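S.K.: This is the structure I want to talk about, given as structure tokens.
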Amino acid sequence: MIEATELTKNYGNVTAVNRVSFSVAEGELFGLLGPNGSGKTTMIRMLTGQIPPTSGSARVMGLDVAKDPIGVRGLVGIIPEQETPPSFLTAEEYLRFVASIRNLDSVDERCDRWFDLLEFGDKRDVLCKDLSRGTRQKLMFAQAFLHEPELALIDEPLINLDPIMQRTVKDFLREYVQGGGTVFFSTHILEIAEEICDRIGVIHNGRILHCGPVGDLVGSGRHLESFFLDLVKGDAGA
Amino acid sequence: MPVPDLFCAMMKEEWRMHSTIFGSLGFALFPAVIAVFALLGSLTLPLFADVFPYDVVALFAHALFLLMGVMVGSFGLMGREFMNRRFGQASLIAYASRSLPVSERRIFGAFLVKDTVYYILLYVLPFAAGFAAATPFIGLDPGLAVLAFVSLALAFLLGLSAVCFLSTLYARSAALLAGTVAVLAVIALAAFRLGTITVSAALPPYAFFLDPAVEPLAISLLLILVPAAASVLFVTVDYPDRTKRFNNRLDPLAERVSTLGSAHFIAKDALDLLRSEGGAGKVIFSFLLPLGLVWVCLRVLIRFIPGIDPLVVFAVLLGVISATIYNWLTEFDSFTSYAFLPVEVSEVIDAKLKSYALANLLPLGVLVLAAATSGGMGTFLPALAAFASVSAYTLAVTVYLTGLHPNVMLYSAGVFLRYLLAISPALLLLIFASILDPGYAALSLFLILPAALLLARGRTRWQAWEMPGY
């Protein structure tokens, strides 16, 4: 579903992502882990055609992202970091707005499903600017999955959600992957990755330090947190 | 935190906000552009002295700065949530009453002082400096430029403080605002009808310019300080703890404009305008109020220039002012909101253009009303052509130069200079042609072609700007 080859992104003299290559297979839940400023958000933005890479290439669902960014964004679901929905639409209107952009039918059913699953139907007629951060995150989650994409790319999926909703979302993501969907998400919360990911990549200073199944770590008796800290501190000291 | 410290911090913040976007030089040159235009304009004064006597030009300059004060005030300080919007997105310090022990009143006071100093430095001072530089060449006393600086600053502040006062009234009660505006309008109309008030008396800063005596100065200061103080004293901020609920209006609105395409974008623009703070009120402040002022000035002008057709000139100016609707349409939107959806920049711009076309029904209605009430139906068709063409052309220039960011980009010296250079010659030419014969205003239809070209190029240009590398 995702093939990244030597992806690099420079912002002036700063290299945010440095010659990163990896792939994510269909039906996989892949977590990109890294400390703040390590290049996670830049990676997601390149994979979804929001910013072009300085060099290297990426194919997402068979499309060359640099050549067809709109095509990629039409196919996948994206939850960007910190982006908030338009202020003066209600939650329901925003989902309908996204549905119109994506030319979806059965909009009522699609909206109801997400209001029910994420338990924010009582906020459907509230202006987005008046929603709490957690409810806005639910709304962004709903818009990303409204068209039932085969691949979702999520920047910090559980940010601002309470523990109950985090459980709901984690269960949904597992079910979604078991049903054939693919998820690529970034996070710096290691417990989430350890709990639900099939595979992880660890990124630091724009470089992938490790890429492999979570099961390998568990099998070797190591805890993800100590593994991650050793990797990142080792890289910082190198 | 003392007000002077707040003021200094806000000044730094405002400077850094703009200089970060345009570069320090680009923003610092903005007043220089104003000064150069004022210099060039002043140098032409003797050429047109027969048509535009100096006191008429002075009246227009004061009306212009009054209008600018109204627009600056109304743009930033509209409605119940003006602080939430303006301060929440654009000014972190001014939003500090939520997180720091600083009262809204103190913040608002500092904000008002900051806007006063900031805009006087940005607009009034360079304008007066440009005029001062021209005085030796046009046989005027350079001291007149100092007087002009004071009186124009007073005119600007008169507009600013009036709008601040009205917006504070609105924040307290929409009915209170409506009542106050109605009473003021009735008094003003009655005074003009009865002939008990002259133009200079109605605009004390202008009266002070004509006769720099204590009385008009005192009246000006009184009319500035009392409303400004009242607006600070009674300011209220509506924090978003009052949840607003609305039924789905997006689909019904989109249904109504479905034949235009981009229906949901157009419906969203409409809801943004209607539900944002001020609602229709902000249109009254920033659109109808300046238009009313322009209309009054034109009615005065025909006493001095008999050949002028007020409806046609009004239509030309209406076209320019109408283009500010595009600023409102883009105020609540940013392409980053669409960057993760399958949407092209050109699609968003196209939708804004359609929204703009629909919103132009309002100025069209104003034009019809002006024609009907002034007995100017004889020149309605050329006026209509002038309005539509100038509106389309000004919009096209705005879109080409600023994309989806007119509220920010027009403060760049380079962009603003190009904006003025693109629009001013066409306007002046049209106004002079219409003085020769109102029918010549129909020549404005020739502006449609460059407008179409600019719009086409603007779409490509801003696609590349918003999505560099694609």
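Each protein sequence line maps, in turn, to chains V and F. So the first sequence is residues 2 to 239, counted in this note's numbering. So the second sequence is residues 1077 to 1546, counted in this note's numbering. Even for Gly, the Cβ is constructed at its ideal location relative to N, Cα and C. These numbers were taken from a predicted model, which means no experiment stands behind them.
1) Determine whether the Cβ of F/K1430 lies closer than 7 angstroms to any Cβ atom of chain V.
2) Please report how far the alpha carbon of F/I1425 lies from the alpha carbon of F/S1413, in whole angstroms.
3) Using a C-beta to C-beta distance shorter than 9 angstroms, which residues of chain F count as neighbours of V/T49?
4) Got a sec, what are the start and stop residues for the beta strand (DSSP E) V/R20 sits in?
5) Please name the residues in the stretch 96–112 of chain V whose beta-carbon is closer than 8 angstroms to at least one beta-carbon of chain F, in chain order.
6) Please identify the residue among F/A1304, F/A1509, F/P1292, F/L1503 whose C-alpha is closest to the C-alpha of F/R1181.
7) Counting only beta-carbon atoms, is V/F146 nearer than 7 angstroms to chain F?
8) Tell me V/T91's beta-bridge partners as DSSP assigns them.
9) Leaving out five residues before and five after F/V1311 in sequence, what residues of the same chain have Cβ atoms less than 8 angstroms from its Cβ?
10) Drop a sphere of 10 angstroms on the beta-carbon of F/W1404, count the other beta-carbons inside from all chains shown, and report buried for 16 or more, exposed for fewer.
11) When you compare only the Cα positions, how much space is there between F/Y1432 and F/A1250?
12) Report yes if the CB atom of F/L1460 is closer than 7 angstroms to the CB atom of V/F89, and no otherwise.
13) Distance cutoff 7 angstroms, beta carbons only. Does F/H1481 sit that close to anything in chain V?
14) Is F/S1029 close to chain V? Criterion is C-beta to C-beta, closer than 7 angstroms.
15) Start and end of the alpha helix (DSSP H) containing V/Y12?
16) Taking only three categories from DSSP, how would you classify F/R1162?
17) What are the uninterrupted segments assigned as alpha helix (DSSP H) that are 4 or more residues long and contained completely in the stretch 1252–1300 of chain F, given in chain order?
18) Would DSSP call V/H148 helix, strand or coil?
19) Starting from F/S1118, trace the beta strand (DSSP E) both ways and give me its first and last residue.
20) If the cut-off is 9 angstroms on Cβ atoms, which residues from the stretch 79–90 of chain V count as contacting chain F, listed in chain order?
21) From V/G40 to V/A17, what distance separates their C-alpha atoms?
22) Measure the Cβ-Cβ separation of V/D156 and V/E29 and say whether it is below 7 angstroms.
23) Please work out which residues of its chain come closer than 7 angstroms, Cβ to Cβ, to V/R134, disregarding the five sequence neighbours upstream and downstream, and give them in chain order.
24) Between F/L1519 and the rest of its own chain, which residues show a CB-CB distance below 8 angstroms, the 5 nearest in sequence each way excluded?
25) For V/S101, which three-state DSSP category applies?
26) Could you tell me which of F/A1502, F/A1231, F/M1453 sits nearest to F/A1283, measuring between CA atoms?
27) What residue range is occupied by the uninterrupted beta strand (DSSP E) comprising V/T183?
28) Would you check if the stretch 38–54 of chain V and the stretch 93–109 of chain V touch, i.e. whether three or more CB-CB distances between them fall below 8 angstroms?
29) With 16 as the cutoff for other CB atoms within 10 Å, does F/L1123 come out buried or exposed?
30) Indicate the three-state DSSP secondary structure (helix, strand or coil) for F/F1128 in the structure shown.
31) Below 8 angstroms on the Cβ atoms is my contact criterion, and I expect V/K10 with V/T49 to pass it. Report the Cβ-Cβ distance as a whole number of Å.
32) Would you check if there are 3 or more beta carbon pairs closer than 8 angstroms linking the stretch 1279–1296 of chain F to the stretch 1131–1138 of chain F?
33) Relative to chain V, which residues along the stretch 1315–1336 of chain F have a C-beta separation below 9 angstroms, given in chain order?
34) Quick test of your reading: V/L154 and V/F185, contact by CB under 8 angstroms. State the CB separation rounded to the nearest angstrom.
35) Here's a check: name, in chain order, each residue in its chain whose Cβ is nearer than 6 angstroms to the Cβ of F/S1422, leaving out the five neighbours to either side.
36) Please decide whether V/L159 counts as near chain F, where near means a Cβ-Cβ distance under 7 angstroms.
M.R.: To lay it out plainly:
1) The residue you call residue 1430 of chain F lines up with position 354 of the second sequence. Output row for F/K1430: interface = no.
2) In the second sequence, counting from the first residue as 1, residue 1425 of chain F sits at position 349. In the second sequence, counting from the first residue as 1, residue 1413 of chain F sits at position 337. Distance between the alpha carbons of F/I1425 and F/S1413 is about 14 angstroms.
3) If you number the first sequence from 1, residue 49 of chain V lands on position 48. What V/T49 touches in chain F: A1415, F1416.
4) Here residue 20 of chain V refers to the residue found at position 19 when the first sequence is read from its first residue. Taken as a continuous stretch (DSSP letters only), the beta strand (DSSP E) holding V/R20 covers 15–25.
5) Those residues of the stretch 96–112 of chain V that come within reach of chain F (Cβ to Cβ, closer than 8 angstroms) are R97, F98, V99, S101, I102, R103.
6) In the second sequence, residue 1181 of chain F corresponds to position 105, counting from 1. Cα-wise, what sits closest to F/R1181 is F/A1304.
7) Locating residue 146 of chain V in the first sequence gives position 145, counting from the first residue. Not an interface residue.
8) As a position in the first sequence, residue 91 of chain V is number 90, starting the count at 1. DSSP, once it has assigned bridges, lists V/L128 as partnering V/T91.
9) Taking the second sequence and counting its residues from 1, one reaches residue 1311 of chain F at position 235. E1180, R1181, F1184, T1244, A1247, listed in sequence order.
10) If you number the second sequence from 1, residue 1404 of chain F lands on position 328. With 16 or more other Cβ atoms inside 10 Å of its own Cβ, F/W1404 counts as buried.
11) Here residue 1432 of chain F refers to the residue found at position 356 when the second sequence is read from its first residue. Here residue 1250 of chain F refers to the residue found at position 174 when the second sequence is read from its first residue. One Cα belongs to F/Y1432, the other to F/A1250, and the distance between them is close to 27 angstroms.
12) In the second sequence, counting from the first residue as 1, residue 1460 of chain F sits at position 384. In the first sequence, counting from the first residue as 1, residue 89 of chain V sits at position 88. In terms of Cβ geometry, F/L1460 and V/F89 do not form a close pair [threshold 7 angstroms].
13) Translated into positions along the second sequence, residue 1481 of chain F becomes position 405. Not a single C-beta of chain V is nearer than 7 angstroms to the C-beta of F/H1481.
14) The shown model of chain F, from 1077 to 1546, leaves out residue 1029 of chain F, and the question about it has no answer.
15) Along the first sequence, read from residue 1 onward, the residue named residue 12 of chain V stands at position 11. First-last for V/Y12: 3–12, but that is the beta strand (DSSP E), not the alpha helix (DSSP H).
16) The count along the second sequence starts at 1 and reaches residue 1162 of chain F at position 86. Because the pLDDT of F/R1162 is 39, which lies under 50, any placement of that residue in the model is unreliable, and the number read from its coordinates should be weighed accordingly. Helix at F/R1162.
17) Counting only runs of 4 or more, we get 1275–1278, 1280–1286.
18) Taking the first sequence and counting its residues from 1, the one referred to as residue 148 of chain V is at position 147. Coil, per DSSP.
19) On the second sequence, residue 1118 of chain F is found 42 positions in, with the first residue counted as 1. Bounds of any beta strand (DSSP E) do not take in F/S1118; it lies within the alpha helix (DSSP H) bounded by 1106–1119.
20) Residues of the stretch 79–90 of chain V that bring their beta carbon within less than 9 angstroms of a beta carbon in chain F comprise I79, I80, P81, E84, T85, P86, P87, S88, F89, L90, in sequence order.
21) Taking the first residue of the first sequence as position 1, residue 40 of chain V is located at position 39. Taking the first residue of the first sequence as position 1, residue 17 of chain V is located at position 16. Rounded to the nearest whole angstrom, the CA to CA distance from V/G40 to V/A17 is 5 angstroms.
22) On the first sequence, residue 156 of chain V is found 155 positions in, with the first residue counted as 1. On the first sequence, residue 29 of chain V is found 28 positions in, with the first residue counted as 1. Going by beta carbons, V/D156 and V/E29 fall outside the 7 angstroms limit.
23) For the purposes of this step, residue 134 of chain V is taken as residue 133 along the first sequence, with counting starting at 1. Here the set comprises N161.
24) As a first step, residue 1519 of chain F is located in the second sequence; it is residue number 443 there, counting from the start. These residues qualify, in order along the chain: L1506, A1509.
25) Along the first sequence, one-based indexing puts residue 101 of chain V at 100. Shown here, V/S101 sits in a helix according to DSSP, grouped into three states.
26) Translated into the one-based positions of the second sequence, residue 1283 of chain F becomes position 207. Ranking the options by Cα distance to F/A1283, first place goes to F/A1231.
27) Position 182 of the first sequence, counted from the start, is the residue given in the question as residue 183 of chain V. Unbroken beta strand (DSSP E) run through V/T183: 183–188.
28) As far as the Cβ criterion goes, the stretch 93–109 of chain V does not touch the stretch 38–54 of chain V, which means the pair count is below three.
29) As a first step, residue 1123 of chain F must be located in the second sequence, where it is residue number 47. Label assigned to F/L1123: exposed.
30) As a working note, residue 1128 of chain F is residue 52 in the second sequence. It is coil, neither helix nor strand.
31) For the purposes of this step, residue 10 of chain V is taken as residue 9 along the first sequence, with counting starting at 1. For the purposes of this step, residue 49 of chain V is taken as residue 48 along the first sequence, with counting starting at 1. Between V/K10 and V/T49, the beta carbon gap of about 13 angstroms keeps them out of contact (Cβ cut-off 8 angstroms).
32) They touch, by the three-pair rule.
33) When C-beta distances to chain V are compared with 9 angstroms, the residues of the stretch 1315–1336 of chain F below that value are P1316, D1317, R1318, T1319, K1320, R1321, F1322, N1323, N1324, R1325, L1326, D1327, A1330, in chain order.
34) As a working mapping, residue 154 of chain V is identified with position 153 in the first sequence. As a working mapping, residue 185 of chain V is identified with position 184 in the first sequence. Yes, they are in contact, since the Cβ atoms of V/L154 and V/F185 sit about 5 angstroms apart, within 8 angstroms.
35) Position 346 of the second sequence, counted from the start, is the residue given in the question as residue 1422 of chain F. If the five residues before and after F/S1422 are omitted, its C-beta is found closer than 6 angstroms to the C-beta atoms of R1535, Q1539, all from its own chain and listed in chain order.
36) Reading the first sequence from its first residue, position 158 is the one you call residue 159 of chain V. Closer than 7 angstroms: no.
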